[in-house]
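Numbering (our numbering), first residue to last: 218 to 536.
Ideal placement from N, C-alpha and C gives every residue a C-beta, glycine not left out.
Below you'll find the structure, written out as structure tokens, and then a few comments.
Right under this line is the structure:
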């Protein structure tokens with residue numbers, strides 16, 4: 218799956234830049250013998266780079282996967298996973314030992330509300346990036362090394378260098394995924410489509426526009442019927458449903474900031490009254506702005522991973 222036009226690449230760049238990405242990186246740890254490592258339950262996007270040696274990746278479903286030096290594993294939505302030294306999963310604690318033969322560097326990327334970024338929603342639960350040659354292996358290792366050094370340095374400029382390095386890491390993983398993916402549906406496949414991609418790019422560049430089916434179909438160079446069918450086939454929902462969902466996800470992100478009143482957010486998205494916005498928000502999200510105000514990140518997290526209903530989000534923990 219490749220990019221059809223430069224504008225699609227622009228949308229991906231804009232989406233990565235619009236959602237501030239921060240990183241936390243830990244020094245390389247070496248293991249030998251019986252060991253296991255898991256970051257499940259962190260509510261963050263974990264990544265693991267095999268610096269030296271080889272190990273096994275175990276997921277809840279499917280056969281274990283052998284990892285070798287240079288392989289990078291990224292877990293965008295905190296899916297349950299386990300790294301260990303054996304093909305059979307073990308519950309041994311993660312601890313370094315002398316004479317170690319496996320080295321792993323771990324870290325986290327943080328995005329805030331992942332639901333407001335369709336790129337993150339489009340990624341699989343687990344990505345494995347395998348370098349195609351030695352230069353690619355060195356490039357990934359160097360980037361992780363820069364992240365580690367920057368994370369340990371005194372931060373100036375509000376951590377902007379670390380944030381940009383984190384953004385670059387995600388872009389590198391995304392490029393590898395798109396180069397190897399054969400997916401025919403989803404946000405990334407739709408964005409790569411020569412016609413639907415133009416309309417989808419416009420929606421994301423200007424989500425607060427008053428979009429209509431006629432306008433979007435014209436951008437795609439298609440009839441209304443053909444555009445609606447193609448968009449629904451690729452994205453999974455009708456065009457105007459997608460527009461409404463995107464606008465409400467962005468509104469939810471704005472509502473997290475106590476400086477943004479409901480009325481202010483409603484006006485930003487072109488609603489003539491706060492009441493109309495509240496109705497639209499509840500229709501799309503399944504809960505009102507007030508619930509989001511009270512429960513905050515717990516609602517957004519539970520909705521992003523499908524844990525529970527929003528009303529109970531503040532009382533439930535991820536399994």
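Of the listed residues the options, nearest to residue i (C-alpha basis)
| i | options | result |
| --- | --- | --- |
| residue 437 | 263, 461, 296 and 417 | 417 |
| residue 455 | 481, 404 and 486 | 404 |
| residue 232 | 358, 420 and 393 | 420 |
| residue 415 | 433, 399 and 248 | 433 |
| residue 275 | 296, 269, 262 and 259 | 296 |
| residue 451 | 400, 435 and 476 | 400 |
| residue 348 | 227, 334 and 394 | 394 |
| residue 397 | 411, 383, 344 and 446 | 344 |
| residue 270 | 258, 301 and 461 | 301 |
| residue 425 | 485, 322, 447 and 277 | 485 |
| residue 339 | 229, 464 and 469 | 229 |
Close Cβ partners of residue i (< 6 Å) along its chain, the five nearest in sequence each way excluded
| i | result |
| --- | --- |
| residue 242 | 324, 364, 365 and 368 |
| residue 346 | 289, 390 and 393 |
| residue 327 | 239 and 261 |
| residue 449 | 455 |
Buried/exposed call for residue i, threshold 16 Cβ in 10 Å
| i | result |
| --- | --- |
| residue 283 | exposed |
| residue 244 | exposed |
| residue 293 | buried |
| residue 256 | buried |
| residue 422 | exposed |
| residue 336 | buried |
| residue 253 | buried |
| residue 475 | exposed |
| residue 287 | buried |
| residue 356 | exposed |
Any non-hydrogen atom of the ligand GTP closer than 7 Å to residue i Cβ
| i | result |
| --- | --- |
| residue 350 | Within the structure as shown, the ligand GTP is missing, as the structure has no ligands at all. |
Cβ of residue i within 8 Å of any chain C Cβ
| i | result |
| --- | --- |
| residue 447 | Looking for chain C here will not work: only one protein chain is present. |
Residues bridged to residue i (per DSSP)
| i | result |
| --- | --- |
| residue 319 | 248 |
| residue 459 | DSSP lists no partner for residue 459. |
| residue 206 | Nothing can be reported for residue 206: it is not among the residues displayed for the chain, which extend from 218 to 536. |
| residue 253 | 301 |
| residue 345 | 290 |
Other residues of its chain near residue i: CB distance less than 7 Å, five sequence neighbours each side excluded
| i | result |
| --- | --- |
| residue 427 | 487 |
| residue 506 | 472, 479, 495 and 498 |
Residues of its chain near residue i, where Cβ-Cβ distance is below 8 Å and the 5 sequence neighbours each way are ignored
| i | result |
| --- | --- |
| residue 430 | 441, 444, 445, 456 and 457 |
| residue 303 | 251 and 273 |
At which residue ranges does the segment 264 to 305 contain complete beta strand (DSSP E) runs of 3 or more residues, listed in the order of the chain?
-> 271 to 276, 282 to 285, 289 to 292 and 298 to 301
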